[in-house]
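Some notes on the structure that comes next.
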Ligand code: ADP
Ligand code: MG
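Numbering (the working numbering), first residue to last: 1 to 477.
Written as C-alpha cells, this is what we have:
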C-alpha cells in the first residue's frame, strides 16, 4: 500500500469524511464535473456528478514527468504509422482475417489510399494511458496500457477537477496538499489544436462537426471542448452517423457539406466500437467523411494506428527504429514505456505465447481489438478462452500483454447511489497529445494535459464510462 499522499489518520477520520462527502459532491456539481444519468441519458433536466475520488491520489513526480515528456514523441509515432500503408497492412493482416470490425476499417483505409489525398491537414488528438508497475525491488516504472487515437475522452471534465480537489482539501484543512494540486486544462489544449486545424482549413463559415452517439451521457465532457471552440468564434454542430448519411454530400472538390453547412473538421467522439455502426448507412457515412477534404480527427489511418495489434507489433525489436531511423534516443524513450506484448499469430511464436499464458494466466491480460472498456480477459478466464481456440486462427483476433501491477492506495470513490467507503484503489495516468500537420510539416505538436483515473483494486478492467474508474488528480510525490 502507498504510504505517501493523504495521511491515513485523515482518511480514517469518520467525522471529517462525512462532512466532506456532501461538500465534495456539491463542489463537483458547482464546477461542472457532470454526467447525465443512466435512466435519462439524453436529458439535460436530470444530471448528476461524474464519479470522482474524494482525495487526489499520489503519483511519483519523476514518472509523471516522464509520461508528459514522451507524449510529443508518441504523437509523431502515431502520425508516422498512419502514413505507412505497408506497415499497417503487415501488422494487421492476420487480425483482419478474423476480426470483421478491424477488416471493415481497413477496407476504408485501402479505399481512400487509392484516391489522391483529399486534405493536406491532419489533426491528431490522442491519449496515452499508463499504469505504474511495481517492481520486485519496490521501484515503480511507467508502463503504457494503450494509446487511444479515437474519441479519447474526459479531457473536458478532468479540466474541472483541480478546483474540486483544491476546495475539498481546503475544507479538510490540508493546505500543503491543496497547493500541490497542479493546473490541468486538456479542454483548452484539445481545442487549441482543433482551432489550429480549422484555421488552416481556411473557411470562416465552415463548422467543426462532433460525430456523436445517440446515447449522450458524457455530453458535458464534449461541451467543455465545444464551448472553448465557440469562445474562439468557431461554430460547432453535433451529428450522428445517420445524420451524415442522410444530410451529407461531397461537392466536386470533395468538400463535405452536412445539412447545407460546410464541414472543416469531423471530430469523432463515436465510431470506435462495432455497435457504433448501427447499419450499413453508418459505414457509408464513415467512408464519405474519409473521402472528403474535411479534416478528420482521427483519419482512418490514425484510427488504425491505435489498434492493440499495432501496439503489439510496435513492441517487437527493431520496429520503432523503422519510424525513427536516426533517433535512437527517441526509440529508447518510447520503448522504455512498453510492457511485454506478445503475438498470437499462427506459428511457433504464437504457440509459445499460448503456452506462456496457460502456465501463468494471472501474469497476463488477453485483449481483443476493441475499445471502450470491459472487453479484456483476465486470470482463469484466459485459460478457458485460449483452450477453446488455441489451435484456430480465431486466436489472432487477440494479443497478450503483461499484466501491470501498480501499487494500491487508499481512497474513497464517490459515485451516485453508492455508499462511501474506504477502499484500496489503483490509478491509471493518461496523457493527452495534440498535433496538427500540414503536408510534411508538423505545425503543432504538444502535450495537452493529463487525466488520472482511479478504480477499486477489485476490478481488473477500467474505464470511467464503463462505470469502473472515477476521475482523480495526481498528487505528485
Ligand atoms: P480499452 O480500449 O477497452 O480501454 P485497455 O487496454 O485500455 O482497453 O484496457 C482497459 C482497462 O483494463 C485499463 O484501463 C486497465 O484498467 C486494465 N488493463 C488493461 N491492460 C492492462 C495491463 N496490461 N495490466 C493491468 N491492467 C490492464
Ligand atoms: Mg483504455
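We put the CB at the ideal spot given by N, CA and C, even for glycine.
Item, Value
"Residue nearest to residue 238 in terms of C-alpha spacing, selected from 220, 212 and 254", "212"
"Nearest residue (CA-CA) to residue 19, options 112, 168, 266 and 400", "168"
"Distance between residue 25 and residue 157 (C-alpha atoms, nearest Å)", "14 angstroms"
"Minimum length 4: unbroken alpha helix (DSSP H) runs contained in the stretch 18-94", "61-82"
"Residue 33 vs residue 50 beta-carbon contact at 7 angstroms", "yes"
"Simplified DSSP state of residue 410, which is helix, strand or coil", "strand"
"Cβ pair residue 362, residue 373 closer than 7 angstroms", "no"
"The ligand MG heavy atom lying under 6 angstroms from the CB of residue 428", "no"
"Distance CB(residue 200)-CB(residue 225) smaller than 7 angstroms", "no"
"Nearest-residue set for the ligand MG, Cβ under 7 angstroms from any heavy atom", "129, 145, 146, 148, 371, 373, 462 and 463"
"Residue 401 beta carbon near the ligand ADP (any heavy atom closer than 6 angstroms)", "yes"
"Coarse secondary structure for residue 245, derived from DSSP in three states", "helix"
"Exposed unless 16 or more other CB atoms sit within 10 angstroms - verdict on residue 1", "exposed"
"Residue 408 versus 305, 435 and 425, residue with shortest Cα-Cα distance", "425"
"N-terminal and C-terminal residue of the beta strand (DSSP E) that residue 161 is part of", "Counting along the chain, residue 161 falls outside any beta strand (DSSP E), though it belongs to the alpha helix (DSSP H) covering 161-171."
"Any non-hydrogen atom of the ligand ADP closer than 6 angstroms to residue 13 Cβ", "no"
"Residue 222, DSSP secondary structure in three states", "helix"
"Exposure label - residue 286; buried when at least 16 CB within 10 Å", "buried"
"The stretch 290-301 touching the stretch 310-326, judged by at least three CB pairs closer than 8 angstroms", "no"
"Cut-off 6 angstroms between Cβ atoms - residues of its own chain near residue 420, not counting five sequence neighbours on either side", "21 and 412"
"Residues that residue 323 bridges to, as DSSP identifies them", "Answer is none; residue 323 lacks a bridge partner."
"Where residue 564 falls: helix, strand or coil (DSSP)", "This structure cannot settle anything about residue 564, because the visible part of the chain is limited to 1 through 477."
"Distance, residue 435 Cα to residue 115 Cα", "24 angstroms"
"At least 3 beta-carbon pairs within less than 8 angstroms: the stretch 75-89 vs the stretch 347-354", "no"
"Residue 450 - DSSP class collapsed to helix/strand/coil", "strand"
"CA-to-CA distance, residue 218 to residue 335, given in whole angstroms", "33 angstroms"
"Nonlocal neighbours in the same chain, by C-beta distance under 7 angstroms from residue 236, ignoring five residues either side", "207, 208, 210, 226, 229 and 230"
"Outcome for residue 470 when other beta-carbon atoms lying within 10 angstroms are tallied against a minimum of 16", "buried"
"Pairwise C-alpha distance: residue 416 and residue 405", "28 angstroms"
"Exposure of residue 249, with buried meaning 16 or more beta-carbon neighbours within 10 Å", "exposed"
"Through-space distance from residue 164 to residue 180, alpha-carbon basis", "13 angstroms"
"Where residue 277 falls: helix, strand or coil (DSSP)", "coil"
"Residue 151 vs residue 269 beta-carbon contact at 7 angstroms", "yes"
"Selected residue, minimal CA-CA separation from residue 330, among 319, 339 and 340", "319"
"Residue 241 versus residue 278: straight-line alpha-carbon distance, rounded", "9 angstroms"
"Distance cut-off 6 angstroms: residue 404 Cβ against heavy atoms of the ligand ADP", "yes"
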